[in-house]
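Quick notes on the structure that follows.
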Amino acid sequence: MTPPPSGPVCARASTAAVHGPAPYASYPSFSSYVRARGPVLLRAARSLTSNHCDAEDLLQTALAKTFVAWERIEDHRALDGYVRRALLNTRTSQWRKRKVDEFSCEELPEPAGLPEPDPADRQVLHDAMWRAILKLPERQRQMVVLRYYEDLSEVQTAEVLGVSVGTVKSAVSRALGKLREDPELTPVR
Numbered sequence: 069m070t071p072p073p074s075g076p077v078c079a080r081a082s083t084a085a086v087h088g089p090a091p092y093a094s095y096p097s098f099s100s101y102v103r104a105r106g107p108v109l110l111r112a113a114r115s116l117t118s119n120h121c122d123a124e125d126l127l128q129t130a131l132a133k134t135f136v137a138w139e140r141i142e143d144h145r146a147l148d149g150y151v152r153r154a155l156l157n158t159r160t161s162q163w164r165k166r167k168v169d170e171f172s173c174e175e176l177p178e179p180a181g182l183p184e185p186d187p188a189d190r191q192v193l194h195d196a197m198w199r200a201i202l203k204l205p206e207r208q209r210q211m212v213v214l215r216y217y218e219d220l221s222e223v224q225t226a227e228v229l230g231v232s233v234g235t236v237k238s239a240v241s242r243a244l245g246k247l248r249e250d251p252e253l254t255p256v257r
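173 is the number that my numbering gives to position 105 of the sequence shown; each next residue is one higher, with no gaps.
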């Protein structure tokens, strides 16, 4: 048996009219509970978040957890406490998982990547390489051009020049050694 109300009956009735049904009322279904207590729970969620939309999402998640446990909750007088605990736990979990804050801005930042090479630098390197190749003896120059600019294999280069594969290998090796030592190409390394 419930104890008689302490205070005037009209004061208790006016409080229920303003704040909705008493939190200890028995609810026949989950949907009736949400309809009756939704605004109060939304205010509780709003106090845990920075904006109204986040509060609605937080309350939705907490109510989903409550719905899953609805049959296990024996005392419906404790529903508000259960949902508030779910709100707090969910918000704490969201806060812990947050890794990066989101900031709205008018312009999207440029993606961080490797800087594009300056076309002028590429042209300087190209010109220096050709000057260095032109300093090579004619036979070595031919082999380097066929191997690296025409992208022929050693066998194909040997066939084009009418020499053995070993001659191509040794001549290209010597040519690359000279190119590595060229003072005009040294700063590029």
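Ideal Cβ placement from N, Cα and C applies to all residues, glycine included.
Inset, instruction - In the DSSP assignment, find the alpha helix (DSSP H) that holds GLY149 and state where it starts and stops. - result: Unbroken alpha helix (DSSP H) run through GLY149: 147-165.
Inset, instruction - Put LEU220 into one of helix, strand or coil per three-state DSSP. - result: Correct three-state label for LEU220: coil.
Legend entry - Any 3 or more C-beta pairs closer than 8 Å across the region 148-166 and the region 174-191: No, they do not touch.
Inset, instruction - From the DSSP output, in three-state form, read off VAL213 for me. - result: The three-state secondary structure of VAL213, taken from DSSP, is helix.
Legend entry - Extent of the continuous alpha helix (DSSP H) run through ARG190: 187-202 is the extent of the alpha helix (DSSP H) around ARG190.
Legend entry - Spatial neighbours of ALA243 in its chain, beta-carbon cut-off 7 Å, leaving aside the 5 residues before and after: Closer than 7 Å at the Cβ level, and outside the excluded window around ALA243, lie LEU204, GLN208, MET211 and VAL212.
Legend entry - Proximity below 8 Å, CB of THR158 to CB of THR129: Using a Cβ distance threshold of 8 Å, THR158 and THR129 count as a contacting pair.
Legend entry - Three-state secondary structure (DSSP) of ALA90: Because ALA90 carries a pLDDT of 49, less than 50, the predicted location of this residue cannot be relied on, and no value is offered for it.
Legend entry - Buried versus exposed, by CB contacts within 10 Å (16 or more), ARG248: Exposed is the call here.
Inset, instruction - Could you name the residues of the same chain whose beta carbon sits closer than 8 Å to that of VAL233, not counting the 5 residues immediately before and after it, in chain order? - result: Closer than 8 Å at the Cβ level, and outside the excluded window around VAL233, lie GLU222, VAL223 and ALA226.
Inset, instruction - Look at ALA113 and LEU182 and say whether their C-beta atoms are less than 8 Å apart. - result: In this structure, LEU182 does not lie closer than 8 Å to ALA113 by Cβ.
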